[in-house]
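Engineer:
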Amino acid sequence: MNQHSHKDYETVRIAVIRARWHADIVDQCVQAFEAELSALGDGRFSVDVFDVPGAYEIPLHAQTLAQTGRYAAILGAAFVVNGGIYRHEFVASAVIDGMMNVQLSTGVPVLSAVLTPHNYHDSTEHHRFFFEHFTVKGKEAANACVQILAARERVMA
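Residues in the sequence shown are numbered from 93 upward in steps of one, following this note's numbering.
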């Protein structure tokens, strides 16, 4: 007879924060993340999706969500590209640093699907590439989420 603790049946809540710039591309990541978590978790995971205007707003929203104590992990998803006016590397770096600070200060894993390519041109070819690439990144983020939660569970056991 298999014995399971009550914890085996608890729903694990995951938050996703997605930037709305290039929403059609970013949404591929979120959809793939949800689908992969569903496949890996057999209904164990519940995903709440939160929208923010851009990538820069992700760290503060992640901190707010982490501080509620409701979420086992948080994923930030954004596509930070060179718009020709600002140095997109600075934005991406600030966002990633902010997300790292949130997870270190709260103890809640904050995963990143905040991607910034060297070059992005608003062309069919680039759009198609990143549309598909964000699907891959969503699956990878889901796998990383499951792995880090399992690793943390082993440490806490």
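We treat Cβ as the ideally placed atom computed from N, Cα and C, and that holds for glycine.
The structure displayed is predicted, hence computed values, not measured ones.
So if DSSP puts D140 in a beta bridge, which residue, or which two residues, is it bridged to?
Structural biologist: A107
Engineer: Whole angstroms are fine: how far does the CA of H218 sit from the CA of E149?
Structural biologist: 25 angstroms
Engineer: Could you check if A204 is buried or exposed, using at least 16 other CB atoms within 10 Å of its CB as the buried criterion?
Structural biologist: What sits at residue 204 in the sequence shown is Ser, not Ala. Answer is buried; the Cβ neighbour count reaches 16.
Engineer: Go to S130, then tell me how far its alpha helix (DSSP H) extends in each direction, as first and last residue.
Structural biologist: Per DSSP, S130 belongs to the alpha helix (DSSP H) from 115-133.
Engineer: How many Å lie between V173 and P145 at the Cα?
Structural biologist: 15 angstroms
Engineer: So is F182 buried or exposed if we call it buried at 16+ other beta carbons inside 10 Å?
Structural biologist: Label assigned to F182: exposed.
Engineer: Once you ignore the five residues that flank T103 on each side, which residues in its own chain have a CB closer than 6 angstroms to its CB?
Structural biologist: S138
Engineer: Using DSSP bridges, identify the partner residues of S204.
Structural biologist: G168
Engineer: Taking Cβ positions, are V143 and R105 nearer each other than 8 angstroms?
Structural biologist: At residue 143 the sequence reads Asp, which differs from the Val that was named. The answer is no: Cβ separation not under 8 angstroms.
Engineer: Can you tell me where the alpha helix (DSSP H) with V246 in it begins and where it stops?
Structural biologist: In the sequence as presented, Val is not what sits at residue 246; that position holds Arg. Start and end: 216-248.
Engineer: Leaving out five residues on either side along the sequence, give the residues of the same chain with a beta carbon under 8 angstroms from the beta carbon of H96.
Structural biologist: Confidence is the limiting factor: at H96 the pLDDT is only 35, short of 50, which leaves the residue's position unreliable, though a coordinate-based value still follows. Contacts found: none.
Engineer: Return the CA-CA distance between S215 and N193, expressed in angstroms with no decimal places.
Structural biologist: In a straight line, the C-alpha of S215 is about 35 angstroms away from that of N193.
Engineer: At what residues does the alpha helix (DSSP H) containing A147 begin and finish?
Structural biologist: Segment: none, A147 is in no alpha helix (DSSP H) and carries neither H nor E.
Engineer: Ordered along the chain, which non-local residues of its own chain (more than five positions away) have a Cβ less than 6 angstroms from that of Q155?
Structural biologist: V194
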